[in-house]
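Down below is the structure, laid out as structure tokens.
If you want it as structure tokens, here you go:
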């Protein structure tokens with residue numbers, strides 16, 4: 019089996035649009051969650067989101083921009099960053115052996131929302147001609163393949179909140195087996211449409227606003243946690259056959275060591291300890307990694323009642339007494355939940371943190387919940403712990419649990 | 148503003164084309180707008196002139212021919228507003244609007 023290296027990372031994220039900026043903000047615990055200012059904000063119970071500073075006009079000429087939903091814009095720019103960072107000479111590669119694997123939960127939600135508004139509210143006779151192309155879920159992956167002329171597998175994974183982790187893991191499997199040489203992988207999400215936000219609100223999973231500090235409204239593992247806050251953005255990696263990467267003199271950003279994928283097959287929203295624990299074990303098994311080799315955890319840590327308790331119990335089941343000594347970081351507290359892109363952003367932050375030897379803090383954790391009694395690195399980063407291997411978990415509505423293991 | 152001037156304005160504003168290229172005998176199909184761009188252009192023309200193109204069989208030809216075609220649609224749909232109109236304009240160089248082309 020081949021080993022798989024990460025040779026490039028690209029980020030368009032609420033914490034910043036570069037790796038350095040995003041890591042700096044994550045380590046400092048600076049929250050990107052804000053009250054959003056939109057004409058419909060007052061119709062949301064808690065008008066909160068983690069937005070990206072991004073203007074499509076700065077990246078694409080008008081005729082092209084009109085074909086790209088925000089989700090594809092994020093994906094294209096982040097992919098360009100990742101390929102640039104990897105110093106990847108695609109002209110020297112067999113492009114049929116370069117694949118694109120992207121996760122997204124809601125695809126072109128903004129374009130769909132806008133189309134429905136014009137049709138149902140404004141009674142427009144015609145929809146914009148590219149409505150289908152902008153709304154279709156596989157547009158981000160397709161555009162990356164077109165932009166870079168990549169004719170290997172071009173696949174989109176939509177498993178709700180584990181989409182990007184699944185995309186990354188599935189690419190890892192193909193790279194490992196030698197089916198492809200390079201993969202552009204990750205996730206993109208742009209879900210901050212009024213319709214999508216109201217739908218999430220209706221499911222009663224969104225956090226209520228912290229009256230003292232809206233930026234602190236998402237509180238993973240805390241006794242007073244009340245739910246998740248939606249975010250947007252993209253994180254894209256270049257994954258590469260490690261030997262090939264070394265031979266071309268690439269700078270290795272890390273290595274993917276394992277991937278576990280287990281379905282709860284139990285409930286459409288309620289997570290299970292058994293499913294999450296099985297996914298963690300599967301990830302360890304896939305890379306023949308001992309549980310003792312895991313130095314830190316990048317938790318799914320949504321800030322919902324159900325997830326954080328179940329995830330804590332699953333960690334205890336897998337790691338036993340050692341679970342209490344493994345640092346667990348939940349960065350959604352400050353960048354929000356990027357849904358189908360969350361697994362990629364969190365893996366990126368986890369890898370960058372390993373490089374800088376920092377354990378990222380779980381912010382807004384004043385009093386942990388009674389059943390959340392692990393070391394969540396509360397409120398302050400720790401430096402110099404010497405962590406080298408991280409387990410990054412993504413669990414989803416629908417019950418698709420995906421766990422990645424990566425190392426420096 | 149004449150129809151051809153309004154058409155030219157769409158091309159300049161939306162596709163960032165050089166106005167100097169937009170002579171009346173300029174074939175729309177030779178402006179570097181691909182088949183999807185042509186689908187979009189029909190949308191912009193419909194919006195600008197408040198007309199409806201038929202769902203297929205549209206060939207715009209040159210700028211001048213397209214303007215004539217649009218004028219024909221306007222006249223026809225003014226008298227029979229619920230019915231989509233002229234099926235085809237004369238064309239020297241067809242500009243395909245089939246997005247799969």
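Residue numbers (the numbering used here), protein chains in the order written: chain A, 19 to 426; chain B, 148 to 248. Backbone N, C-alpha and C fix where the C-beta goes; we use that ideal spot for every residue, glycine too. Note that the structure is predicted; figures quoted are calculated from it, not measured.
(1) Of all the options A/421, A/168 and A/124, which has the alpha carbon lying nearest to the alpha carbon of residue 304 of chain A?
(2) Looking at chain A, which residues of the stretch 185 to 210 of chain B have a Cβ within less than 7 Å of any of its Cβ atoms?
(3) Would the stretch 217 to 225 of chain A count as touching the stretch 124 to 140 of chain A if we require 3 or more Cβ pairs under 8 Å?
(4) Under the three-state reduction of DSSP, which class applies to residue 75 of chain A: helix, strand or coil?
(5) Report the three-state DSSP secondary structure of residue 207 of chain B (helix, strand or coil).
(6) Under a three-way DSSP split, which group does residue 53 of chain A fall into?
(7) List, from N- to C-terminal side, the alpha helix (DSSP H) runs of 4 residues or more that fit wholly inside the stretch 221 to 300 of chain A.
(8) Nearest-angstrom Cα distance between residue 324 of chain A and residue 289 of chain A?
(9) By how many angstroms is the C-alpha of residue 363 of chain A removed from the C-alpha of residue 31 of chain A?
(10) So with CB distances below 7 Å, who are the chain A contacts of residue 162 of chain B?
(11) Please say whether residue 152 of chain A and residue 87 of chain A have beta carbons closer to each other than 8 Å?
(12) Ignoring anything shorter than 4 residues, give me the alpha helix (DSSP H) runs that lie fully in the stretch 336 to 401 of chain A, in order along the chain.
(13) Once DSSP output is grouped into helix, strand and coil, what is the label at residue 179 of chain A?
(14) In whole angstroms, what is the alpha-carbon distance linking residue 293 of chain A and residue 412 of chain A?
(15) Please state if the CB of residue 319 of chain A and the CB of residue 255 of chain A are separated by a distance shorter than 8 Å.
(16) Using DSSP with H/G/I as helix, E/B as strand and the rest coil, what is residue 316 of chain A?
(17) Mapping the DSSP letters down to three states, classify residue 212 of chain A as helix, strand or coil.
(18) Give the DSSP bridge partners of residue 23 of chain A, in chain order.
(19) Please work out which residues of its chain come closer than 7 Å, Cβ to Cβ, to residue 141 of chain A, disregarding the five sequence neighbours upstream and downstream, and give them in chain order.
(20) Residue 416 of chain A and residue 177 of chain A - do their beta-carbons sit closer together than 8 Å?
(21) Since residue 210 of chain B and residue 164 of chain B should fall inside the 8 Å C-beta cutoff, what is the C-beta to C-beta distance between them, to a whole number of angstroms?
(22) What did DSSP end up calling residue 35 of chain A once you bin it into helix, strand or coil?
(23) If you reduce the DSSP assignment to three classes, tell me which class residue 413 of chain A lands in.
(24) Between the C-alpha atoms of residue 198 of chain A and residue 370 of chain A, what's the straight-line distance to the nearest angstrom?
(25) Residues in the same chain with beta-carbon distance under 6 Å from residue 33 of chain A, minus the five sequence neighbours each way, listed in chain order, please.
(26) Out of A/207, A/212, A/230 and A/244, which one is the CA nearest neighbour of residue 224 of chain A?
(27) Select from A/161, A/28, A/236 and A/91 the residue whose C-alpha is nearest the C-alpha of residue 103 of chain A.
(28) Compare the C-beta of residue 360 of chain A with all C-beta atoms of chain C and state if any pair is closer than 8 Å.
(29) Against chain B, with Cβ distances strictly below 8 Å, would residue 78 of chain A count as a contact?
(30) May I ask you to verify whether the stretch 94 to 102 of chain A touches the stretch 251 to 266 of chain A, counting CB pairs closer than 8 Å and requiring at least 3?
(31) Against chain B, with Cβ distances strictly below 8 Å, would residue 53 of chain A count as a contact?
(32) So, is the C-beta of residue 139 of chain A closer than 8 Å to a C-beta in chain B?
(33) Taking just the CA atoms, how far does residue 227 of chain A sit from residue 64 of chain A?
(34) With a 10 Å radius around its C-beta and 16 neighbouring C-beta atoms as the bar for buried, classify residue 330 of chain A as buried or exposed.
(35) Name the DSSP beta bridge partners of residue 418 of chain A, please?
(36) Given a threshold of 16 other Cβ atoms within 10 Å of its Cβ, counted over all protein chains shown, does residue 355 of chain A qualify as buried or as exposed?
Taking the geometry as given:
(1) Taking the first chain and counting its residues from 1, the one referred to as residue 304 of chain A is at position 286. When each option's Cα is compared against that of residue 304 of chain A, the closest is A/421.
(2) Listed by position along the chain: 186, 187, 190 and 193.
(3) Taking 8 Å as the limit for Cβ pairs, the verdict is that the stretch 124 to 140 of chain A does not touch the stretch 217 to 225 of chain A.
(4) In the first chain, residue 75 of chain A corresponds to position 57, counting from 1. Correct three-state label for residue 75 of chain A: helix.
(5) Working through the second chain from its first residue, we reach residue 207 of chain B at position 60. Coil at residue 207 of chain B, not helix or strand.
(6) The residue labelled residue 53 of chain A in the question sits at position 35 within the first chain. It is a strand residue.
(7) Qualifying alpha helix (DSSP H) stretches, in chain order: 260 to 265.
(8) Within the first chain, residue 324 of chain A is the residue found at index 306, counting from 1. Within the first chain, residue 289 of chain A is the residue found at index 271, counting from 1. Looking at the two C-alpha atoms, the distance is approximately 7 Å.
(9) As a working note, residue 31 of chain A is residue 13 in the first chain. As a working note, residue 363 of chain A is residue 345 in the first chain. When the Cα atoms are used, residue 31 of chain A and residue 363 of chain A turn out to be separated by approximately 8 Å.
(10) Reading the second chain from its first residue, position 15 is the one you call residue 162 of chain B. Under the 7 Å cutoff, chain A gives 81.
(11) Here residue 87 of chain A is taken as the residue at index 69 of the first chain, counted from 1. Here residue 152 of chain A is taken as the residue at index 134 of the first chain, counted from 1. It is a contact, given that the beta carbons lie within the stated cut-off.
(12) With a minimum length of 4 residues, the continuous alpha helix (DSSP H) runs that stay inside the stretch 336 to 401 of chain A are 350 to 353 and 360 to 373.
(13) Sequence index remark: in the first chain, residue 179 of chain A carries index 161 (1-based). Reduced to three states, the DSSP call for residue 179 of chain A is helix.
(14) In the first chain, residue 293 of chain A corresponds to position 275, counting from 1. In the first chain, residue 412 of chain A corresponds to position 394, counting from 1. C-alpha separation (whole angstroms): 12 Å.
(15) Residue mapping note: residue 255 of chain A aligns to position 237 of the first chain, counting from 1. Residue mapping note: residue 319 of chain A aligns to position 301 of the first chain, counting from 1. Using a Cβ distance threshold of 8 Å, residue 255 of chain A and residue 319 of chain A do not count as a contacting pair.
(16) The sequence position of residue 316 of chain A within the first chain is 298, counting from 1. Three-state DSSP puts residue 316 of chain A in a strand.
(17) Here residue 212 of chain A corresponds to residue number 194 of the first chain, with the count starting at 1. In the three-state reduction of the DSSP assignment, residue 212 of chain A falls in the helix class.
(18) Locating residue 23 of chain A in the first chain gives position 5, counting from the first residue. By DSSP's assignment, residue 23 of chain A forms a beta bridge with A/258 and A/273.
(19) For the purposes of this step, residue 141 of chain A is identified with residue 123 of the first chain, where counting begins at 1. The beta carbon of residue 141 of chain A sits closer than 7 Å to none of the beta carbons in its chain outside the five residues before and after it.
(20) Residue mapping note: residue 177 of chain A aligns to position 159 of the first chain, counting from 1. Residue mapping note: residue 416 of chain A aligns to position 398 of the first chain, counting from 1. Going by C-beta atoms, residue 177 of chain A is nearer than 8 Å to residue 416 of chain A.
(21) Here residue 210 of chain B refers to the residue found at position 63 when the second chain is read from its first residue. Here residue 164 of chain B refers to the residue found at position 17 when the second chain is read from its first residue. Their Cβ separation, rounded to whole angstroms, is 11 Å, which puts residue 210 of chain B and residue 164 of chain B out of contact at 8 Å.
(22) Along the first chain, one-based indexing puts residue 35 of chain A at 17. In the structure shown, residue 35 of chain A sits in coil (DSSP, three-state: anything other than H, G, I, E or B).
(23) Start at 1 with the first residue of the first chain, and residue 413 of chain A comes out as number 395. Coil at residue 413 of chain A, not helix or strand.
(24) Walking along the first chain from the start, residue 198 of chain A turns up at place 180. Walking along the first chain from the start, residue 370 of chain A turns up at place 352. Computed Cα separation, rounded: 25 Å.
(25) On the first chain, position 15 is the one that residue 33 of chain A refers to. Excluding residues up to 5 positions away in sequence, 40, 43, 44, 50 and 353 lie with their Cβ nearer than 6 Å to the Cβ of residue 33 of chain A in the same chain.
(26) Along the first chain, read from residue 1 onward, the residue named residue 224 of chain A stands at position 206. Residue nearest to residue 224 of chain A within the set A/207, A/212, A/230 and A/244 is A/244 (criterion: CA-CA distance).
(27) Along the first chain, one-based indexing puts residue 103 of chain A at 85. The shortest C-alpha separation from residue 103 of chain A is found at A/28.
(28) In the structure shown, chain C does not exist; the protein chains are A and B.
(29) Along the first chain, one-based indexing puts residue 78 of chain A at 60. No, residue 78 of chain A lies away from the interface with chain B (no Cβ there is under 8 Å from its Cβ).
(30) Short answer: they touch.
(31) Start at 1 with the first residue of the first chain, and residue 53 of chain A comes out as number 35. No, residue 53 of chain A lies away from the interface with chain B (no Cβ there is under 8 Å from its Cβ).
(32) Along the first chain, read from residue 1 onward, the residue named residue 139 of chain A stands at position 121. Not an interface residue.
(33) Here residue 64 of chain A corresponds to residue number 46 of the first chain, with the count starting at 1. Here residue 227 of chain A corresponds to residue number 209 of the first chain, with the count starting at 1. Approximately 6 Å, taken between the alpha carbons.
(34) The residue you call residue 330 of chain A lines up with position 312 of the first chain. Residue 330 of chain A should be labelled buried.
(35) Here residue 418 of chain A refers to the residue found at position 400 of the first chain. Note: residue 418 of chain A sits in a beta bridge opposite A/281.
(36) Reading the first chain from its first residue, position 337 is the one you call residue 355 of chain A. By the neighbour-count rule (16 or more Cβ atoms within 10 Å), residue 355 of chain A is buried.
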